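Data first, discussion second: the structure below is written as structure tokens.
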Amino acid sequence: MAGVPGKLRFSLGSRRSPIGASAISRGALAGPARISSGALTDPSRPFRFRFDGRELAGLAGDTLASALLANGVRQVGRSFKYHRPRGIVTAGPEEPCALVDVIGSSGREPNWIATTLPLQQGLVAESQNRWPTLRFDLRAVADRLGRFLPAGFYYKTFMTPGWAWERLYEPIIRRAAGLGRLAAVVPVHADPAETVHEHADVLIVGAGTCGLAAAHRLGAAGLRVILVDQDVAAGGGTLLDARWSSWRKSVCAALPQWPALRCLTRTTLLGAYGHGVFGALETLTPQESARFGGLRERLHVIRARQVLLASGALERLIAFPGNDMPGVMLAGAGLSYLKRYGVAVGRRPALFLNNDEAYEAVFALAAAGVQCAGVIDPRPDSRAAARARTLGVAVHGGAMVGAVHGRREVETVTIIEPDGRRRFVLEADALLISGGYTPASALATQLGATLAWDESLAAFIPDAAVAAGRIAGGARGVFGLAAAARDGDAAACAIAAELGRAADGASCPEPPPDAEASPLRALWEVRARGKAFVDLQNDVTADDIRLAAQEGYEQLEHMKRYTTFGMATDQGRLGGLVGCAVLASARGVPLPEVGLLRARPFAQPIPFAALAGPEVREHYRPRRRLPLHEWHESAGATFVTTGLWLRPLVYARESGWSPVLDEARAVRKCAGLTDVSTLGKIDVQGSDAARFLDLIYANTFSTLAVGRARYGIMLREDGMLLDDGTTSRLAPEHFLITTTTANSTAVLEHLEFHLQSTCAALDVLLTDVTDQWAQFALAGPRSREVVGPLVHGLELSNEAFPFMAATEGLIAGVPGRLFRISFSGELAYEIAVPAAQALTVWSALLEAGTRFDLRPYGLDALNTLRIEKGHLTTAELNGNTTADDLGLQRLLKKQGDFIGRTLAQRAGLNAAERLQLVGVRPTDRSERLRNGSQLVAREAPDVSLGYLTSATPSVEFEGWVGLALLSGGRQRLGQRLLACSPIHKETVELQILGSHMLDPENARVRS
Amino acid sequence: MSGPESTTAPDTRAGITCAPLAVDVIELAARRERTQVLKALAARRGLPLPALGWVAAARSTLVLAARPERWLVLSAPAPPGVALSSWRSACAACAAAIELSSALSALHLAGPAVRDVLARGCRLDLHPAAFVPGSTAATSMAQVPVVLSMLPAGWLLLTPSSTARHFREWLTATATPFGFVSAAGVTVASLSGESTQ
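Protein chains in written order, with the numbering used here: chain A, 1 to 1007; chain B, 10001 to 10197.
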């Protein structure tokens, strides 16, 4: 054969079909292979587009694939492993080969499916997986080395030397394999995305005759129906058969009369997720996209009471040597390109078919004036073959295709006898194949359907009914458009009955009868010399499967993982059953014993952006804003995100410690005001409120007097510290808990959990009032003088309102709450008022403080103050610390139970060498400290004794101060250790101190 | 054959109007086994407490039952603390009265596209047959909690005030393709015009 192809290509090139030639001469139809105006293309709207740098012409309504075929472009990519030239195989989303990069405004996007990508004016696409060019790909040498690259080759070939895998083999393989490539720098994805939640009585998947008939029935019954179809129009197989056009038009015209029925075309069902939840991805039309600000895809989350799977069947391939060559295509795809887009996929195509249904392509090509090179059919004869002969098409019965030859695309087809003897060679420029039809059972199996083998259809058929749903038409092996329509109608009646609706409305028009068909003959593989592919996308051959079986990977799922069969994005839709049959034959067992690959969501590749929806960038998580956010902004605050909150870090735009220390110094010297509204606040009421808090907190609250606050700690069930904060008793049966900002949600959940499970009998009501109350900390030696004039009728003397007092009253004329609690270590008050009145009270406090040089301070200054005092934040309450670790052991009540008590007694949680909280200062006061520095002894610098949790320059002391968790820390007071920060190349000698460095006697807070 | 989304031109009509609602909110939470006492007390005050999932309207007040044994009482703004103290003293024995006027931010939505917009964030079935006027539900939209109520005069949304701006940004962005119009504030009285249960 070697010398023939070149000449033959030349001769074929001169032999154009008369219709094709006239079309080109008219110049009205874009592309030389366009022989008529298809049902979907609009000859009045020509589009220009580029593929691999070539400027080509197409029509509105084309897909990229149909436009490429119309221009005679056969080869559109290189294969995954062997870099073999590949063409367009299908006309739908099941396409394994024709994946392209699209270069758009937001950069290069890989793996667009050319067979579903709508052509647009100016579209720029490039082929994938080739270097330097599609025609000449250097890595195609992999094809020649094929026998050294069998299934699992990387497990065998690249074992030695051990060092070479990471440094040599893996980089090379990664570069050579894979499809598509992302831009080196992923651009900021500017495209919007959205998710829509849909609800229906019935979801119908597939708008072929089966789905349309069912929709008609259910719509007439008044049910809420969502009908989805991945195609650009409803109709399925009727779009390819003129006899059905009036039926389709009549049904499609009837559906809009039922407002509860919606039809979503261009919408692919991605998966069935149980409990009636389905995911579907809609591709928007350009007009719709423009309306929604450039939105391309819309994710639908559909919740349906019942589902009808009418997803039809998929044509499958036949494995034979060269079945991946550009020009080899499914027969149904050839029919589709002709009918929908007016494109003849070859000037002289041959066909290799084992079933009567696929002969529709023969009849259509003949009717369009395309001369078929011949039909090869393993069956000696059939009804369809007889009809083809009457149309003048040569049908070679009892024969098979043994090989396909050509330099880059199909040029000749070798026809062999069933016993392998060569019969003759046929000149053809395309080969349309059909190995029968496999019901699209992926969704059915996701819903729990079992599959049964049907010998007469040579296919696995799912059960007719699944949980809350039915399967009808081609999806359960009922083939033929009319038979599927009847089956869909019957399933719809059953569903209507299930939902308690009478289904006696007008039914569909009578469908045209199905042609009588002779039975198919199962044909999986033609065994001859050469690579016969069962998985085109992952380059898996029938020989690979036999090798896997031989090496012990006999079970289907093992074989799949060993060979990568069915693991590509198409999940082996075209050749899945074929590969299973090859495995069955290799093992010598019947096919049903092998089973079928299980398809999983997503049914097709889906952009991450579509899943993310609008929750990207600044809306990735909600931002919580303080009631005074605008005031802080106007006061020049720099904000920091803590949890979901935006908090003022410092009232300065410049960085550096100076403004922070100014703020902190003001608090120590006079007074400062800070917004602590982010603290979690939980209102606890009920006759058992005190009892409940005694159980929740490790210390006692039932003894707390009304009008007093108490610092409390709560443990997790496992004995570790959960949170701390002050809780006030506002009335005998009314408490207010405050939590740390970071833990507010976790604490509320913890409380709710115990209230609903372990304490379900208690009369307690929990309400999150965090957003209700704005809360300000007024701290500093002059704070009493600032707030005093604003609280009418309230005596603030130490005797009347001592440390840890709490009361309700009017503050600057606003009903609020006043607490005498301190985080800074100074005399301090916390003022809580309804958030809507926050500005009134905040402004009044600032005004009242003018003569005391009162100034606002941010989170950084607050942190400086609390580190000096040794108060805790989530840096220390980090989930790994116990009450004892943080020096809070004395708070644990001696009698009575509380959450976490038992497990806190574990020996490991009370070991002497545990990390304990200490204060630290550098011996050399000029040196700085860093959070996260490791503490080591000078004599053992490789053994970490703990680490710094917090550090700040001090306003009270000279130089820096910090808090650290140190092994056996309380026994080390006075020692000198080193703080090492290797990434900063810093080592600082420290003094170990008690954690309450400032005012350990608490004289200031009581002043 | 196409769905309702096949409108081609950008929608310039007001598909959805959004207005802030100034409102006082008191949550009544029934004490354990005191629900009937609370209901009787509320009824004596001319305010029947609806069943879970429903809204009741009376005397320029709306009562939403979006959580079990809890009711949100919405009334026209009064000076701070007034609404609370009247309830707190009345129901001390049978319920906790908690002021949430500042905690919740209220929006009123109306227009033909409200359902289309809400479906882009809300998992609930808002079809007129499923979520009839007078329905209320606690749910989550745009990652924040929302109490959603359907009234004869439109939709009422209550969201936490700290995330109100985030929610409003999401709503504006989502509603723009449908024609989004910001309107002046509405009053509780105008929403509670007729009894809905």
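Just so it is clear, CB atoms sit at the ideal spot from N, CA and C, and this is done for glycine as well. What you are looking at is a predicted structure, and each value in this text was computed from that prediction instead of being measured.
Scan the segment 805-834 of chain A for residues whose Cβ lies nearer than 8 Å to a Cβ of chain B and list them as they occur along the chain.
-> Val814, Pro815 and Pro834
Is there a Cβ from chain A that is less than 8 Å from the Cβ of Gly10046/B?
-> Along the second sequence, read from residue 1 onward, the residue named residue 10046/B stands at position 46. The Cβ of Gly10046/B sits no closer than 8 Å to any Cβ of chain A.
Given a threshold of 16 other Cβ atoms within 10 Å of its Cβ, counted over all protein chains shown, does Ala21/A qualify as buried or as exposed?
-> Locating residue 21/A in the first sequence gives position 21, counting from the first residue. Legend: pLDDT at Ala21/A = 38, less than 50; position of this residue unreliable, no value from coordinates given.
In the structure shown, what three-state DSSP assignment does Ser995/A receive?
-> Residue 995/A sits at position 995 when you count from the first residue of the first sequence. It is coil, neither helix nor strand.
Please list, in chain order, all residues of the same chain as Leu778/A whose beta carbon is under 7 Å from its beta carbon, the five residues on each side excluded.
-> Residue mapping note: residue 778/A aligns to position 778 of the first sequence, counting from 1. Excluding positions up to five away in sequence, the list reads Ala671, Leu673, Val786, Val787, Ala828, Tyr829, Ile831 and Leu845.
Residue environment, Thr10017/B, which counts as buried when at least 16 other CB atoms sit within 10 Å | Stepping through the second sequence from its first residue, residue 10017/B is reached at position 17. Buried: at least 16 other Cβ atoms inside 10 Å.
Exposed or buried, what is Thr727/A when buried is set at 16 or more other beta-carbons lying within 10 Å of its beta-carbon?
-> Working through the first sequence from its first residue, we reach residue 727/A at position 727. Thr727/A should be labelled buried.
Should Gln10036/B be flagged as near chain A, meaning a C-beta pair shorter than 8 Å?
-> Here residue 10036/B refers to the residue found at position 36 when the second sequence is read from its first residue. The Cβ of Gln10036/B sits no closer than 8 Å to any Cβ of chain A.
For Tyr697/A, which of helix, strand or coil comes out of DSSP?
-> In the first sequence, counting from the first residue as 1, residue 697/A sits at position 697. In the structure shown, Tyr697/A sits in a strand (DSSP, three-state: E or B).
Anything in chain B within Cβ reach of Gly293/A, meaning under 8 Å, just list it in chain order.
-> Here residue 293/A corresponds to residue number 293 of the first sequence, with the count starting at 1. Near Gly293/A (Cβ distances below 8 Å), the residues of chain B are Thr10176 and Pro10177.
Short check: CB of His405/A to CB of Gly322/A, under 8 Å?
-> As a position in the first sequence, residue 405/A is number 405, starting the count at 1. As a position in the first sequence, residue 322/A is number 322, starting the count at 1. Yes. Within cutoff.
Exposure of Leu620/A, with buried meaning 16 or more beta-carbon neighbours within 10 Å | The sequence position of residue 620/A within the first sequence is 620, counting from 1. Strictly speaking, residue 620/A in this sequence is Tyr, with Leu absent from that position. When all chains shown are included, Tyr620/A counts as exposed.
Any C-beta of chain B sitting closer than 8 Å to the C-beta of Asp749/A?
-> Mapped onto the first sequence, residue 749/A falls at position 749. At residue 749/A the sequence reads Glu, which differs from the Asp that was named. No - not a single Cβ of chain B is within 8 Å of the one on Glu749/A.
In three-state DSSP terms, what is Pro856/A?
-> As a position in the first sequence, residue 856/A is number 856, starting the count at 1. It is a strand residue.
Just checking my contact of Ala464/A with Arg476/A at CB under 8 Å: how many whole Å lie between their CB atoms?
-> As a working note, residue 464/A is residue 464 in the first sequence. As a working note, residue 476/A is residue 476 in the first sequence. The pair is a contact, with the Cβ atoms about 6 Å apart (cut-off 8 Å).
DSSP state of Cys252/A, grouped into three classes?
-> As a first step, residue 252/A is located in the first sequence; it is residue number 252 there, counting from the start. Helix.
What is the DSSP secondary structure of Asn111/A, reduced to helix, strand or coil?
-> One-based indexing of the first sequence puts residue 111/A at position 111. Reduced to three states, the DSSP call for Asn111/A is strand.
Would you tell me roughly how many angstroms separate the C-alpha atoms of Ala517/A and Ser106/A, rounded to the nearest one?
-> To locate residue 517/A, count along the first sequence from 1; it is residue 517. To locate residue 106/A, count along the first sequence from 1; it is residue 106. Looking at the two C-alpha atoms, the distance is approximately 51 Å.
Whose C-beta lies closer than 7 Å to the C-beta of Leu269/A among residues of the same chain, with five residues either side of it excluded?
-> Here residue 269/A corresponds to residue number 269 of the first sequence, with the count starting at 1. Taken in chain order, the residues that qualify are Val205, Val228, Phe278, Ala280, Leu443 and Ala603.
Along chain B, which residues have their Cβ under 7 Å away from the Cβ of Gly707/A?
-> As a position in the first sequence, residue 707/A is number 707, starting the count at 1. Ordered by position in chain B, no residue passes the 7 Å Cβ test against Gly707/A, which lies about 17 Å from the chain.
CB contact check: His10108/B to chain A, cutoff 8 Å = In the second sequence, counting from the first residue as 1, residue 10108/B sits at position 108. Closer than 8 Å: no.
Could you check how far apart the C-beta atoms of Leu990/A and Arg976/A are, in whole angstroms? I think they sit under 8 Å.
-> As a first step, residue 990/A must be located in the first sequence, where it is residue number 990. As a first step, residue 976/A must be located in the first sequence, where it is residue number 976. Indeed, because the Cβ distance is near 7 Å, the residues count as touching under 8 Å.
Ignore the nearest five residues each way along the sequence and tell me which others in Gly974/A's own chain have a CB closer than 7 Å to its CB.
-> In the first sequence, counting from the first residue as 1, residue 974/A sits at position 974. Excluding sequence neighbours, Gly974/A sits near Ile992.
Leaving out the 5 sequence neighbours to the left and right, which residues in its chain are closer than 7 Å to Ala548/A when beta-carbon positions are compared?
-> On the first sequence, residue 548/A is found 548 positions in, with the first residue counted as 1. Cβ within range, chain order: Ala151, Met559, Tyr562 and Thr563.
Counting only the same chain and skipping the five closest in sequence on each side, list residues whose C-beta sits under 6 Å from that of Gly595/A.
-> As a working mapping, residue 595/A is identified with position 595 in the first sequence. Cβ within range, chain order: Leu556.
Between Phe1008/A and Leu314/A, what straight-line distance do the alpha-carbon atoms span, to the nearest angstrom?
-> Not covered by the structure: residue 1008/A. The range shown for chain A is 1 to 1007.
Using a beta-carbon distance cut-off of less than 9 Å, what residues from the segment 10153-10167 of chain B approach chain A?
-> Pro10160, Ser10161, Ser10162, Thr10163, Ala10164, Arg10165, His10166 and Phe10167
Among the residues of its own chain, which have a CB less than 8 Å from the CB of Phe701/A, if the five just before and after it don't count?
-> Within the first sequence, numbered from 1, the residue matching residue 701/A stands at position 701. Its chain contains Ala690, Leu693, Asp694, Arg710, Gly712, Thr727, Arg729 and Phe735 as the residues whose beta carbon lies nearer than 8 Å to that of Phe701/A, once the 5 sequence neighbours on both sides are disregarded; these appear in chain order.
Relative to the alpha-carbon of Phe479/A, which residue among Pro110/A, Pro439/A and Glu633/A has its alpha-carbon at the smallest distance?
-> Mapped onto the first sequence, residue 479/A falls at position 479. For the residues Pro110/A, Pro439/A and Glu633/A, the minimum Cα distance to Phe479/A belongs to Pro439/A.
If you draw a straight line from the alpha carbon of Gly893/A to that of Met997/A, how long is it in whole angstroms?
-> Here residue 893/A corresponds to residue number 893 of the first sequence, with the count starting at 1. Here residue 997/A corresponds to residue number 997 of the first sequence, with the count starting at 1. In the sequence on display, residue 893/A carries Lys and not Gly. Near 26 Å, if we compare the C-alpha coordinates of Met997/A and Lys893/A.
Which one of Ala366/A, Thr541/A, Pro605/A and Gly552/A has the shortest CA to CA distance from Gly576/A?
-> As a working note, residue 576/A is residue 576 in the first sequence. Of Ala366/A, Thr541/A, Pro605/A and Gly552/A, the residue nearest in Cα terms is Thr541/A.
Which residues does DSSP pair with Lys560/A in a beta bridge?
-> By one-based count along the first sequence, residue 560/A stands at place 560. Answer by DSSP bridge pairing: none, since Lys560/A is not bridged.
Where Gly1013/A falls: helix, strand or coil (DSSP) = Missing from the structure shown is residue 1013/A; chain A here goes from 1 to 1007 and no further.
Closest Cβ-Cβ distance between Leu765/A and chain B: below 8 Å?
-> Translated into the one-based positions of the first sequence, residue 765/A becomes position 765. Closer than 8 Å: yes.
Could you give the distance in angstroms between the alpha-carbon of Leu715/A and the alpha-carbon of Glu808/A?
-> Taking the first sequence and counting its residues from 1, one reaches residue 715/A at position 715. Taking the first sequence and counting its residues from 1, one reaches residue 808/A at position 808. Answer to the nearest angstrom: the Cα atoms are 29 Å apart.
For Leu990/A, does the three-state DSSP call read helix, strand or coil?
-> Along the first sequence, read from residue 1 onward, the residue named residue 990/A stands at position 990. If DSSP states are grouped into helix, strand and coil, Leu990/A belongs with the strands.
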